[in-house]
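A.B. asks: Our numbering puts the first residue of the sequence shown at 37, with every later residue one more than the last. Let me begin by handing over the structure; questions about it come next.
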Amino acid sequence: MVKTKILLAEDDTDLGNVLAQYLDLQGYEIVLARDGGEAWQLFNTSNVDLCILDVMMPLKDGFELAKQISSKSPDTPFIFLTAKGLKEDRIKGLKLGADDYICKPFEVDELVLRIQNILKRTGLQEIEKYEIGQYTFINNELLLKGFEKELILTVKEAKLLKYFLDHQNKLIKREDILIELWGENDYFLGRSMDVFISRLRKFLHDEKSISIETVRGAGFIFRRS
């Protein structure tokens, strides 16, 4: 499967690294630039699918960079990421053709959702839909709906539910889930995982054809009848 390639232009080193690592964990290929000049060079050599541009950057600000990107590649979607929340700045960004405008501080899960929505809207991402009894789970949108209710899952909840669906009616070892979704088999991460599984049980309680069974000392079975 070819990964969606994202150009991330962010001059804050710590924030840029955190965002790049998180988006990489979500399955995206990240091209990271530290200023507007480097971002323009990378855009011209990397064949990216989407751009995330900080507005306030050295050498070339996000607005100027967006003009150049739009001029060369009008169909490439981009998101402004900035601490500037003034109305006139948001309007300026949207007039430049931005697909979204996010003000700092923000939740990274929100950024992921906005990326997914843009990719779906532009036809760059297929919808991953699962039917679970009377529930429908749309993985790309983190959406679980059914029984006249809709829930927006966290990224971790959605990844855990998808993992269960991909391994349904089989014994799944605790350590396999932890390594796959949390990166390591750790006692305290295991306690966190138990909390997420409890949430999924609660979310899916109304659907009697499925259950998440605990096999003591071994792991779990996502049972579908």
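Don't be surprised by glycine CBs; every beta carbon is placed ideally from N, CA and C. As the structure is a prediction and not an experimental result, all values here were calculated from the model.
Select from Asp135, Asn83, Glu211 and Leu214 the residue whose C-alpha is nearest the C-alpha of arginine 157.
C.D. replies: Sequence index remark: in the sequence shown, residue 157 carries index 121 (1-based). It is Asp135.
A.B. asks: Considering Cα atoms alone, identify which of Gln62, Ile66, Leu101 and Met92 is closest to tryptophan 76.
C.D. replies: Here residue 76 corresponds to residue number 40 of the sequence shown, with the count starting at 1. Selected option, being the one with the closest Cα: Leu101.
A.B. asks: Taking contact to mean at least 3 C-beta pairs separated by less than 8 angstroms, is the segment 104 to 115 in contact with the segment 75 to 93?
C.D. replies: Output reads yes: the segment 75 to 93 touches the segment 104 to 115.
A.B. asks: Counting pairs of beta carbons, one from the segment 165 to 185 and one from the segment 226 to 243, are three or more of them closer than 8 angstroms?
C.D. replies: Taking 8 angstroms as the limit for Cβ pairs, the verdict is that the segment 226 to 243 does touch the segment 165 to 185.
A.B. asks: Are the segment 195 to 209 and the segment 244 to 259 touching by the rule of at least three beta carbon pairs closer than 8 angstroms?
C.D. replies: The answer is yes - the segment 244 to 259 touches the segment 195 to 209, with three or more Cβ pairs under 8 angstroms.
A.B. asks: Enumerate in chain order the residues of its own chain whose CB-to-CB distance from glycine 133 is below 6 angstroms, with the five nearest sequence positions on each side excluded.
C.D. replies: Taking the first residue of the sequence shown as 1, we reach residue 133 at position 97. Closer than 6 angstroms at Cβ, skipping near neighbours: Ser106.
A.B. asks: When the distance is taken between beta carbons, is lysine 41 closer than 8 angstroms to lysine 83?
C.D. replies: Taking the first residue of the sequence shown as 1, we reach residue 83 at position 47. Taking the first residue of the sequence shown as 1, we reach residue 41 at position 5. In the sequence under discussion, the amino acid at residue 83 is asparagine, which differs from the lysine named in the question. Yes, these two residues count as a Cβ contact at 8 angstroms.
A.B. asks: Using a Cβ-Cβ cut-off of 8 angstroms (strictly less than) and excluding sequence neighbours within five positions of threonine 190, which residues of its own chain qualify?
C.D. replies: One-based indexing of the sequence shown puts residue 190 at position 154. Correct list, in chain order: Asp145 and Leu178.
A.B. asks: Given a threshold of 16 other Cβ atoms within 10 Å of its Cβ, counted over all protein chains shown, does leucine 207 qualify as buried or as exposed?
C.D. replies: Sequence index remark: in the sequence shown, residue 207 carries index 171 (1-based). Classification of leucine 207: exposed, given that the 10 Å Cβ count is below 16.
A.B. asks: Take serine 247 and list the residues in its own chain whose beta-carbon comes closer than 7 angstroms to its own, dropping the five residues that flank it on each side.
C.D. replies: Translated into positions along the sequence shown, residue 247 becomes position 211. Excluding positions up to five away in sequence, the list reads Arg259.
A.B. asks: Look at aspartate 71 and proline 94 and say whether their C-beta atoms are less than 8 angstroms apart.
C.D. replies: Taking the first residue of the sequence shown as position 1, residue 71 is located at position 35. Taking the first residue of the sequence shown as position 1, residue 94 is located at position 58. Yes.
A.B. asks: Once you ignore the five residues that flank glutamate 220 on each side, which residues in its own chain have a CB closer than 8 angstroms to its CB?
C.D. replies: Working through the sequence shown from its first residue, we reach residue 220 at position 184. Around glutamate 220: Leu214.
A.B. asks: Sorted by chain position, which residues of the same chain lie with C-beta nearer than 8 angstroms to leucine 217's C-beta, five sequence neighbours on each side aside?
C.D. replies: For this step, residue 217 is matched to residue 181 along the sequence shown. Excluding sequence neighbours, leucine 217 sits near Lys192, Lys195, Leu196, Tyr199 and Met229.
A.B. asks: If we ignore side chains and look at the alpha-carbon of each, how far apart do threonine 81 and lysine 165 end up?
C.D. replies: For this step, residue 81 is matched to residue 45 along the sequence shown. For this step, residue 165 is matched to residue 129 along the sequence shown. Their Cα atoms are separated by approximately 34 angstroms.
A.B. asks: Between Gln57, Ala254 and Tyr64, which has its C-alpha nearest glutamate 211's C-alpha?
C.D. replies: The residue labelled residue 211 in the question sits at position 175 within the sequence shown. The candidate whose alpha carbon is nearest that of glutamate 211 is Ala254.
A.B. asks: Measure the C-alpha to C-alpha separation of alanine 69 and asparagine 53 and round it to an integer number of angstroms.
C.D. replies: For the purposes of this step, residue 69 is taken as residue 33 along the sequence shown, with counting starting at 1. For the purposes of this step, residue 53 is taken as residue 17 along the sequence shown, with counting starting at 1. Their backbone Cα atoms lie some 10 angstroms apart in a straight line.
A.B. asks: Hey, tyrosine 64 and lysine 39: beta-carbon distance below 8 angstroms or not?
C.D. replies: Along the sequence shown, read from residue 1 onward, the residue named residue 64 stands at position 28. Along the sequence shown, read from residue 1 onward, the residue named residue 39 stands at position 3. Yes.
A.B. asks: So, with DSSP's three-state summary, where would you put arginine 260?
C.D. replies: For the purposes of this step, residue 260 is identified with residue 224 of the sequence shown, where counting begins at 1. Reduced to three states, the DSSP call for arginine 260 is strand.
A.B. asks: So for alanine 102, helix, strand or coil by DSSP?
C.D. replies: Stepping through the sequence shown from its first residue, residue 102 is reached at position 66. Correct three-state label for alanine 102: helix.
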